[in-house]
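Below is one structure, written out as structure tokens; the observations come after it.
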Amino acid sequence: MPGMAQMHAGTRPGRPIILIALCGLALAGTLGLAWLQTRAASSLGPRVALFGPLSVRPPLGWLQDRSNTRRFVEAVRMGNDRQFERTIEFRYRRVAEVPSLEDAIADMLPDFRKVTNFEATTIGPLRGVQVIGERRFRWGNRAQVGQRVYRLALSPHGHQILIEFVPVREITPGDLRLLDAICAEVRIDDAAFEVDADPTRIGMELPRLDGAELLGPDLPDVPAVYLQGNVEGVPAWTIAVQRTWRGERSPRELLRLRTGGETPIRRVSGGERTVLAGPVTPRGQVYLVSEAPDRSAFVQVTFGTPYGDEAAAAVERVLADLKFTAPFPPAYEKAVENGASLVQRLAEPDRLRAWAGRKVVEYFRERRTGDLTPGIMILQRGPEPPSLAGVVEREFGQRFERIRWLLETDGTAYSQLLEYGRRGAGPDYELRQVRAPGSSIVESARILGRRSERFRFTAAAHFLCRPLEDLAAQWVAGQEGGAWIVSLNTPGEEGTHERLLQPLPGRPDGSTRVLLLDDANPIGRVLTFGPDGALFSDQSRLWHRERIPAELARQLTGGRR
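Just remember that our numbering sits 485 ahead of the position in the sequence shown, which is counted from 1.
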């Protein structure tokens, strides 16, 4: 009988364990191979810098598209040696205004502007949404329908990142794991993500809001914070809180200068605490909260249509509960006195001749928010007896901006011409301005196409004309403390605004820095001057300018400079 059993079964009775062990080893090997394949598919290659501050780690072995360096491709062979592709593409932009999710979707995903079936996700330090859409392609002679994944994320600082992932056909769990790994490694080189977001740093207390993140300002030394509200992980609204000051202005005048005053300003509350609401826009509103000339703040709320109710509730909490714990600036009257003294100091003939007594030409590469193509800024100044003269030119593709000025040696009388237009076609906007010797009246003419307007304003004791703005910033940067407030003309407006100049800690290489902050729009700028006193860089949320050699300027302008 044992022999018969051996003939029919092909094994020896009493040893089935060997067969089971062999099957187990085969299964383990298969699982191990699958694990290795999954791990290999999810591994990433070295970091690649794409645009400005953005860098990514594409999948290992994927090739960068030479015709589109934002795109990475993997060749995949399936059935009958047909070759297909998996691709991933990165897009980046930065906007000047605080963005809403709805606007970001409309700008970067126009086909999905009505989408509501998105889910929360993250890209690097940013919160955002994921959308899965259809795509049509051909497989042999047949039209097929597949999928693609979009991930879009944004920050209150204006960063917007879009990632488009296209699989071979349908999205698989492995594709999503790979995409998660890629998104986790996205980096934005921006100091804003490292700034202390504690509102007590700027002399304020803010209420705690459920589901909201507290973020620092665009530049480390600017007195502002952001609150980003998240609904089920989706960035639903943003509230920007910016410290400012009123000086001699009324709250109404200051808010009108910020919002343009195109619609009536509505008083929301009275008493010592004044809250004024600016014009309502489709995506938000600006408020001014003020208890005193040196205890004021702008509060700007931005939101998308689906989250209007949540945003309204959040901004009402902030408006009602924010508290000022310190004045800003710390000593307004003293800062204005300093500004008036600075204007007199800069008007000294010897100082003016030292600053503009010889011809100077400096070149700057400029990157504007929302425009990844660098432009050029050129500063020129020098003697033009009996005056001093200068030109500031900016060029971005076909667009140009130009300021020509003449400064009399008394340091107050001047003339200037601002022009904006298209290269080769002449200016489509001009602003002409003159202040006569010994006069405090500034005469202006604004020309837009065939329409022109004339207006005048009175220059205060701390009024600083445009030609001397750079010299004032250079002087303040070299001081060890204090604050200076000057009055400046507001281009295109029939009047002036105030600017705070505050020296910042210098650098080991001997360069000096200064913070510039305007009362009506306190987004802030930081200027850096080299040890020789020449401007080295100018950074704000709206632009980043950096000094470059003349040869590089000629390359960037196609040899025109």
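We put the beta carbon where it would ideally sit given N, CA and C, even for glycine.
Checklist entry - Exposed or buried, D1004, counting other C-beta atoms within 10 Å across all chains shown (16 or more means buried)? => result Mapped onto the sequence shown, residue 1004 falls at position 519. D1004 should be labelled buried.
Checklist entry - Based on Cα-Cα distance, which residue from D592, G659, E587, Q615 lies nearest to R571? => result Residue mapping note: residue 571 aligns to position 86 of the sequence shown, counting from 1. Closest by C-alpha distance to R571, out of D592, G659, E587, Q615, is G659.
Checklist entry - With a Cβ-Cβ cutoff of 8 Å, do G696 and A605 count as a contact? => result In the sequence shown, the residue the question calls residue 696 occupies position 211. In the sequence shown, the residue the question calls residue 605 occupies position 120. No, Cβ-Cβ distance for G696 and A605 is not below 8 Å.
Next on the checklist: Using a Cβ-Cβ cutoff of less than 7 Å, which residues in the same chain neighbour H982 once the five nearest sequence positions on both sides are dropped?
Outcome noted: The residue given as residue 982 occupies position 497 in the sequence shown. Spatial neighbours of H982 in its own chain (CB-CB distance under 7 Å, excluding positions within 5 residues in sequence) are listed in chain order as L742, L973, T975, D1003, D1004, A1005.
Checklist entry - Considering only the beta carbon of each residue, do W722 and A796 sit closer than 8 Å? => result Numbered from its first residue, the sequence shown carries residue 722 at position 237. Numbered from its first residue, the sequence shown carries residue 796 at position 311. The answer is yes: Cβ separation under 8 Å.
Item to check | D1023: first and last residue of the uninterrupted beta strand (DSSP E) it sits in | outcome: Counting from one through the sequence shown, the residue named residue 1023 turns up at place 538. Looking at the DSSP string, the run of the beta strand (DSSP E) that includes D1023 is 1020-1025.
Item to check | Cβ neighbours of V753 in the same chain (closer than 7 Å, five flanking residues each side left out) | outcome: Position 268 of the sequence shown, counting from 1, holds the residue named residue 753. Closer than 7 Å at Cβ, skipping near neighbours: V760, L761, A762.
Next on the checklist: Per DSSP, what are the beta-bridge partners of F813 in this structure?
Outcome noted: The residue given as residue 813 occupies position 328 in the sequence shown. Partner(s): none; F813 has no beta bridge.
Next on the checklist: Tell me the DSSP secondary structure of S640 in three-state form.
Outcome noted: Walking along the sequence shown from the start, residue 640 turns up at place 155. Here S640 sits in coil by DSSP.
Checklist entry - What do you get for E880, buried or exposed, if any count of 16 or more other CB atoms within 10 angstroms of its CB means buried? => result Numbered from its first residue, the sequence shown carries residue 880 at position 395. E880 comes out buried.
Checklist entry - For F557, is the classification buried or exposed, using 16 other Cβ atoms within 10 angstroms of its Cβ as the cut-off for buried? => result Reading the sequence shown from its first residue, position 72 is the one you call residue 557. Counting Cβ neighbours within 10 Å, F557 comes out buried, since at least 16 surround it.
Next on the checklist: Quick check on W840: does DSSP put it in helix, strand or coil?
Outcome noted: Taking the first residue of the sequence shown as position 1, residue 840 is located at position 355. Three-state result, W840: helix.
Checklist entry - Can you name, in chain order, every residue of its own chain whose Cβ lies under 7 Å from the Cβ of V630, other than the five neighbours on each side? => result Working through the sequence shown from its first residue, we reach residue 630 at position 145. Closer than 7 Å at the Cβ level, and outside the excluded window around V630, lie E619, R621.
Next on the checklist: Just to confirm my understanding: we take D895, look at its own chain, exclude 5 residues before and 5 after, and list those with CB closer than 7 Å. What are they?
Outcome noted: Taking the sequence shown and counting its residues from 1, one reaches residue 895 at position 410. Cβ contact annotation for D895 (same chain, cutoff 7 Å, sequence separation greater than five): A832, P922, in chain order.
Next on the checklist: My output table needs one value for T1053: the three-state DSSP class, helix, strand or coil.
Outcome noted: The structure shown does not extend to residue 1053, since the chain is modelled only from 486 to 1046, so the question has no answer here.
Next on the checklist: Short of 7 Å in beta carbon distance, which residues of its chain neighbour L903, apart from the five on each side in sequence? Order them along the chain.
Outcome noted: Residue mapping note: residue 903 aligns to position 418 of the sequence shown, counting from 1. Correct list, in chain order: I888, E915, L916, P976.
Next on the checklist: Counting beta carbon pairs with one atom in the stretch 687-705 and one in the stretch 730-737, are three or more of them shorter than 8 Å?
Outcome noted: The stretch 730-737 is not in contact with the stretch 687-705.
Item to check | Unbroken beta strand (DSSP E) run spanning Q770, endpoints | outcome: Reading the sequence shown from its first residue, position 285 is the one you call residue 770. For Q770, the uninterrupted beta strand (DSSP E) run begins and ends at 769-777, by DSSP.
Item to check | Assumed close pair L1041, I861 - CB separation to whole angstroms, cut-off 8 Å | outcome: Here the question's residue 1041 lines up with position 556 in the sequence shown. Here the question's residue 861 lines up with position 376 in the sequence shown. Between L1041 and I861, the beta carbon gap of about 6 Å places them in contact (Cβ cut-off 8 Å).
Next on the checklist: So for V728, helix, strand or coil by DSSP?
Outcome noted: Residue numbering aside, residue 728 sits at position 243 when the sequence shown is read from its first letter. Note that residue 728 is Arg in the sequence shown here, rather than Val. Looking at R728 - three-state DSSP - the assignment turns out to be strand.
Checklist entry - Considering only the beta carbon of each residue, do L892 and S872 sit closer than 8 Å? => result If you number the sequence shown from 1, residue 892 lands on position 407. If you number the sequence shown from 1, residue 872 lands on position 387. A contact, by the Cβ cut-off of 8 Å.
Next on the checklist: Suppose you measure from the CA of D674 to the CA of R1032; what does that come to, to the nearest Å?
Outcome noted: Along the sequence shown, read from residue 1 onward, the residue named residue 674 stands at position 189. Along the sequence shown, read from residue 1 onward, the residue named residue 1032 stands at position 547. In a straight line, the C-alpha of D674 is about 20 Å away from that of R1032.
Next on the checklist: Assuming G896 is part of the beta strand (DSSP E), what are its boundary residues?
Outcome noted: By 1-based counting over the sequence shown, the position of residue 896 is 411. For G896, there is no enclosing beta strand (DSSP E), since its DSSP letter is neither H nor E.
Item to check | Identity of the residues DSSP links to M593 by a beta bridge | outcome: Position 108 of the sequence shown holds residue 593. DSSP, once it has assigned bridges, lists no residue as partnering M593.
Next on the checklist: Assuming contact is defined by CB atoms lying nearer than 8 Å, are I648 and F575 in contact in what I supplied?
Outcome noted: Mapped onto the sequence shown, residue 648 falls at position 163. Mapped onto the sequence shown, residue 575 falls at position 90. When the beta-carbon positions are compared, I648 and F575 come within less than 8 Å of each other.
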